[in-house]
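Residue numbers (the numbering used here): 39 to 280. Backbone N, C-alpha and C fix where the C-beta goes; we use that ideal spot for every residue, glycine too. Some notes on the structure that comes next.
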Amino acid sequence: MERVRIGCSGWSYDEWRGGLYPEGLPARRWLERYAETFDTVEVNATFYRLPKESTVRGWTEQVPGDFRFAVKASRYLTHMKRLHDIVDGVARFWEPLEPLRRSRRLGPVLWQLPENFERDDDLLAAALDRLPRAEHCFEFRHPSWFVAAVRELLEERGASLAIGDDKRRPLPEASPVGPLAYLRLHYGHRGRDGNYSAAELDAWRRRIAGWRARRPVFVYLNNDWQGFAPANAEYLREGLSR
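Put into structure tokens, the structure is as follows:
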């Protein structure tokens, strides 16, 4: 039975005041408080801009040793370069993350590809061969990627498939591939601003329980804007002992 880590996509949300974060708690202590409840977080800010190494080092100092940061790869690599000629860009992306690696708090690295990025096996293979050693997970958003050959390619290179629940983009794939399972819960039946129902979360919990028989599982909720994510994450975690 592998470990299941469940958390949220980010921790810096004003909507969490009075809930996860007590009123009056300064923002500089939010991550510390978050890590008292959850053992992982997905960092989306790295998709938009590279953090300073000192900032990342500060993150590591606010969480326990067994906490894991999943990091979203830079959009420069996924949306601008579109996985072409990424060696220098990957090096720049990786450099400020060094404190996470040194402290063993680096979790999966999420590579979210654009919706109009169609399948290209040779390009994916070349990119995988150029990535540093880590737990790389790919979130494909064009239906052409969801074929057996791509699953096999990820498996061969030791990479994983990120699964999402975006109802605007129904895709024919919802089972893990690779060394770990990576699930992103963003929408549900009520949309991104909505609260997941108990029935929805119970259904996902049953699937996660099956996945963990073969691989560790990382789950992130991103219905953050109205403050539902922390409560949904805690509910989902019930019954999934570590």
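Does residue i come out as helix, strand or coil in the three-state DSSP assignment?
i, result
"L199", "strand"
"L144", "strand"
"Y10", "The structure shown does not extend to residue 10, since the chain is modelled only from 39 to 280, so the question has no answer here."
"A212", "coil"
"A219", "strand"
"V101", "coil"
"R55", "strand"
"S92", "helix"
"Y234", "coil"
"M118", "helix"
"L278", "coil"
"R87", "coil"
"L63", "coil"
"A240", "Per the sequence shown, the amino acid found at residue 240 is Asp instead of Ala. D240: helix per DSSP, three-state reduction."
Which partner residues does residue i have in the DSSP bridge list?
i, result
"V81", "V109"
Kindly list the residues whose CB is nearer than 8 Å to the CB of residue i, restricted to its own chain and excluding five residues on each side of it in sequence; keep chain order.
i, result
"R168", "I124, V125, V128"
"S141", "T98, G103"
"L239", "N270, Y273, L274"
By Cβ distance, which residues of its chain are closer than 7 Å to residue i, with the 5 residues on each side in sequence left out?
i, result
"F107", "V79, V81, W97, L138, R143, L144, G145"
"L120", "According to the sequence as given, residue 120 is Arg; it is not Leu. Once the five neighbours on either side are set aside, the close Cβ partners of R120 are F155."
"D204", "H224, Y225"
"K90", "P134"
"A247", "L278"
"V94", "P134, L135, P137, L138"
"Y86", "R113"
"A267", "C46, L259, N260, N261"
"R253", "E40, P214, P217, L218, A219"
What span of residues does the alpha helix (DSSP H) with residue i cover, start to end?
i, result
"F131", "125 to 132"
"R250", "Careful: R250 lies outside any alpha helix (DSSP H) and carries neither H nor E."
"P268", "267 to 275"
"L135", "L135 -> no alpha helix (DSSP H), and no H or E assigned at all."
Where does the unbroken beta strand (DSSP E) through residue i begin, and where does it stop?
i, result
"L259", "255 to 259"
"L43", "Looking at the sequence provided, one finds Arg at residue 43 rather than Leu. Taken as a continuous stretch (DSSP letters only), the beta strand (DSSP E) holding R43 covers 42 to 47."
Leaving out five residues on either side along the sequence, give the residues of the same chain with a beta carbon under 6 Å from the beta carbon of residue i.
i, result
"A172", "V147"
"R157", "S182, W183"
"Q100", "L69, E70"
"S112", "F131"
"S47", "E80, N82, Y258, N260"
key: Length at least 3, wholly inside the region 145 to 200: the beta strand (DSSP E) runs in chain order   = Correct list: 174 to 177.
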